[in-house]
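Numbering (the numbering used here), first residue to last: 372 to 498. We put the beta carbon where it would ideally sit given N, CA and C, even for glycine. Keep in mind that this is a model prediction, so the values were computed, not measured.
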Amino acid sequence: MALTSETWPGTLAQARANYHKQKTFDGPFVVHLLMYAAKKVRQGNRGTTPTRAFARVAEAIDSYLAERQDVRVGDIAHTHWAISRSRQPDDPGIPLPESAILRQMQHLDAMSASRHEGDREEGVIVR
372 MALTSETWPG TLAQARANYH KQKTFDGPFV VHLLMYAAKK VRQGNRGTTP
422 TRAFARVAEA IDSYLAERQD VRVGDIAHTH WAISRSRQPD DPGIPLPESA
472 ILRQMQHLDA MSASRHEGDR EEGVIVR
């Protein structure tokens with residue numbers, strides 16, 4: 372039961388009346404009050420979940436790449452860029468990372484693309 376300033380006097384009076392009904396207790400009336408503070412629920416402030424942060428950053432990266440035609444990023448590098456960026460605090464820009472890890476991801480994308488091109492060439496030959 373929630374104890375408020377309005378319900379406190381009635382609850383205390385009921386407890387005192389119940390105590391005085393007891394025939395075996397002769398000691399003083401003692402009230403032990405245990406309380407806890409509940410967090411206030413804030414409506415409308417859901418915070419950013421990892422999924423929403425990733426989706427938001429992925430859209431920002433896509434718009435950045437649409438503006439910059441000179442930048443080539445494959446699926447692996449794009450995913451790495453979005454994941455690493457979504458873990459950082461919000462700021463207005465989405466700069467292209469200049470890390471060795473992103474260069475490795477771009478290399479993996481290039482190897483994957485060349486392998487897929489080789490698969491397509493092999494599949495074209497029909498006798």
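Note down the Cα distance separating residue i from residue j, rounded to an integer number of angstroms.
i	j	result
Arg423	Asp480	25 Å
Val379	Leu405	The sequence given here has Trp at residue 379, not Val. In a straight line, the C-alpha of Trp379 is about 13 Å away from that of Leu405.
Leu383	Lys411	26 Å
Gly494	His487	Residue confidence is low: Gly494 scores 47 on pLDDT, short of 50, so the model does not pin down where it sits. Its coordinate-derived value is still stated next. So the alpha carbons of these two residues sit roughly 11 Å apart.
Ile472	Tyr407	48 Å
Tyr390	Ala409	30 Å
Val444	Arg474	10 Å
Gln440	Glu430	16 Å
Gln385	Thr420	47 Å
Gly381	Lys392	17 Å
Ile465	Asp446	17 Å
Within 10 angstroms of its Cβ, does residue i collect 16 or more other Cβ (buried), or is it exposed?
i	result
Arg387	exposed
His451	buried
Ile432	buried
Val401	exposed
Is it true that the CB of residue j sits closer than 8 Å to the CB of residue i?
i	j	result
Leu436	Val428	no
Ala453	Gln477	no
Ser470	Phe425	no
Ser455	Pro468	yes
Can you tell me whether residue i sits near the ligand HEM, meaning its C-beta is under 7 Å from at least one heavy atom of the ligand?
i	result
His451	You won't find the ligand HEM in this model; it holds no ligand whatsoever.
_Secondary structure, alpha helix (DSSP H): runs of 4+ residues fully inside the stretch 406-481_ = Qualifying alpha helix (DSSP H) stretches, in chain order: 421-438, 446-457.
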